[in-house]
Amino acid sequence: MKARYTLSLLLLMVPLTVPARSFGEEAIQRINDIEYAKVGNHALLLDLYLPQAKTKPPLLVWIHGGAWRAGSKSNMPLMQLVKNGFAIASVDYRLSPVAKFPAQIHDIKAAIRFLRGSESKYGYNARKIGILGSSAGGHLVALMGVTNGHPQLEGDLGDFDQESSRVEAIVDYYGPTNFMTILTQSTPHGLSVRVPALQLLLGDDPHNQPKLARLASPVFHVDAKDPPLLIIHGDQDPQVPINQSHELYGAYKKHKRDVTFEVIHGGAHGGPEFYDAARIKLVEDFLRKNLTDKIAPVDNIQQGK
Numbered sequence: 001m002k003a004r005y006t007l008s009l010l011l012l013m014v015p016l017t018v019p020a021r022s023f024g025e026e027a028i029q030r031i032n033d034i035e036y037a038k039v040g041n042h043a044l045l046l047d048l049y050l051p052q053a054k055t056k057p058p059l060l061v062w063i064h065g066g067a068w069r070a071g072s073k074s075n076m077p078l079m080q081l082v083k084n085g086f087a088i089a090s091v092d093y094r095l096s097p098v099a100k101f102p103a104q105i106h107d108i109k110a111a112i113r114f115l116r117g118s119e120s121k122y123g124y125n126a127r128k129i130g131i132l133g134s135s136a137g138g139h140l141v142a143l144m145g146v147t148n149g150h151p152q153l154e155g156d157l158g159d160f161d162q163e164s165s166r167v168e169a170i171v172d173y174y175g176p177t178n179f180m181t182i183l184t185q186s187t188p189h190g191l192s193v194r195v196p197a198l199q200l201l202l203g204d205d206p207h208n209q210p211k212l213a214r215l216a217s218p219v220f221h222v223d224a225k226d227p228p229l230l231i232i233h234g235d236q237d238p239q240v241p242i243n244q245s246h247e248l249y250g251a252y253k254k255h256k257r258d259v260t261f262e263v264i265h266g267g268a269h270g271g272p273e274f275y276d277a278a279r280i281k282l283v284e285d286f287l288r289k290n291l292t293d294k295i296a297p298v299d300n301i302q303q304g305k
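The numbering of the sequence shown is UniProt numbering, which starts it at 1 and goes up by one.
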């Protein structure tokens, strides 16, 4: 009786010892540390995620947060979108302890040009590109989207200067948008984070560098030719006031541009609710709508607005 009980227990345990098969992970190729440009001896790198089951998947670019002074391309929270058929490039850029603004935007624009120039090598579709980012990354993707061809922000990094750095859709997760107002809108906790971060990024307090602060603020660049925008922000964000997103939403509305504002009620500065099934579907639907072939390919779009 004891032997039969032991055998039955072992049989019940067998399925638990079989390694789980992850179809999503097996269908994704990840290529790490692709060099997209170089500044002196500083190599600028990105990681590329490719869904293997799809031919020429649409391309997205992820820009990480970290108050412009920290963070890494290795923390890319949108794997579900890769499983759903998108290619994603997760991009590192020079952090503020290494280089002050506008180095960060120069790097990201160089990454877009590199990705367009490398389309045939890696097999994705870069005719139209969606760009997404959170916090400081949200600021950078919004600024990317509304400054196509800007002479001070384009930069000349990399080997693909014949390519466009234009993006066709923006997803801004709780990014700062107006450096001239963010400090007056901030809580004491927010100020303790934001003041040193902005001083490091700009070289001084924004009000002591108003020209540079305005150049770095997406709200001052919005015009009638900017790409569709999806903003996602928590109404209890203690670090980036939700009024920052209201300002960008208002600028888009003023210029009659396509903008959607998703408020996460009770949401703070990031968290799993920003990437749950409902928000992933919202983002995916927005990207599929705006990255289809309804407009001329990049080859037919001139640099500048």
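A virtual CB, placed ideally from N, CA and C, is assigned to each residue, including glycine.
Let me know the secondary structure DSSP gives residue i once reduced to three states.
i	result
Pro196	helix
Gly65	coil
Ser164	coil
Gln185	helix
Ala89	strand
Leu201	helix
Asp285	helix
Val141	helix
Leu95	coil
Ala268	coil
Gly234	strand
Pro218	helix
Pro206	helix
Leu81	helix
Leu191	helix
Gly24	Caution is warranted here: a pLDDT of 41 is assigned to Gly24, below 50, making its placement in the model unreliable, and the coordinate value is therefore given only provisionally. If DSSP states are grouped into helix, strand and coil, Gly24 belongs with the helices.
Asn290	helix
Provide the residue span of the beta strand (DSSP E) that contains residue i, from first to last.
i	result
Arg127	125-134
Asp172	169-173
Asp47	42-51
Val39	28-39
Going by Cα to Cα distance, which pick from the options is closest to residue i?
i	options	result
Leu282	Met180, Ser72, Leu81	Leu81
Leu215	Pro102, Pro57, Met76, Gly40	Pro102
Asn178	Pro210, Asp161, Asp159, Pro188	Pro210
Ala111	Lys121, Ser164, Ala136, Pro218	Ser164
Pro77	Gly271, Gly234, Thr292, Ala213	Gly271
Met79	Ala224, Gln152, Leu60	Leu60
Gly175	Ser192, Ile264, Ser245	Ser245
His233	Ala43, Tyr249, Val91	Tyr249
Asp47	Tyr36, Asn41, Ile31, Gly40	Ile31
Arg127	Pro196, Arg279, Arg166	Arg166
Ser192	Leu157, Pro238, Asp223	Pro238
Lys289	Phe220, Ala213, Val171, Ser217	Val171
His189	Pro241, Gly155, Leu153, Gly158	Pro241
Ile108	Ala278, Asn125, Ala142	Ala142
Ser90	Gln162, Tyr49, Ile264, Asn41	Tyr49
Ser72	Asn125, Val195, Gly133	Gly133
Leu202	Asn243, His42, Ala43, Lys100	Lys100
Gly158	Gln152, Arg116, Gly138	Arg116
Name the two residues that bound the continuous alpha helix (DSSP H) containing residue i.
i	result
Glu273	Element bounds for Glu273: n/a, residue is neither H nor E.
Lys211	210-215
His106	103-117
Glu247	242-254
Consider the Cβ of residue i: report whether some Cβ of chain D lies at a distance smaller than 8 Å.
i	result
Ser72	Of the protein chains in this structure there is only one, and it is not chain D.
When the Cα atoms are used, what is the spatial distance from residue i to residue j?
i	j	result
Lys292	Ile63	Residue identity check: residue 292 is Thr in the sequence provided, not Lys. Whole-angstrom Cα-Cα distance: 22 Å.
Gln236	Lys38	39 Å
Asp223	Tyr122	33 Å
Thr187	Ala169	31 Å
Glu119	Ile34	13 Å
Gln162	His265	44 Å
Arg113	Leu153	14 Å
Margin query: Does the stretch 44-55 come into contact with the stretch 178-186, if we say contact requires no fewer than three beta-carbon pairs (one atom in each stretch) closer than 8 Å?
Written below: no
Item checked: Touching by the beta-carbon criterion (3+ pairs, under 8 Å), the stretch 75-92 and the stretch 34-54 -> yes
Checklist line | Inter-stretch contact (C-beta, 8 Å, three-pair minimum) for the stretch 228-242 and the stretch 254-263 | finding: yes
Check: Is the number of C-beta pairs between the stretch 142-154 and the stretch 199-210 that are closer than 8 Å three or more?
Finding: As far as the Cβ criterion goes, the stretch 142-154 does not touch the stretch 199-210, which means the pair count is below three.
Item checked: Given 8 Å, three or more beta-carbon pairs between the stretch 93-100 and the stretch 66-76 -> yes
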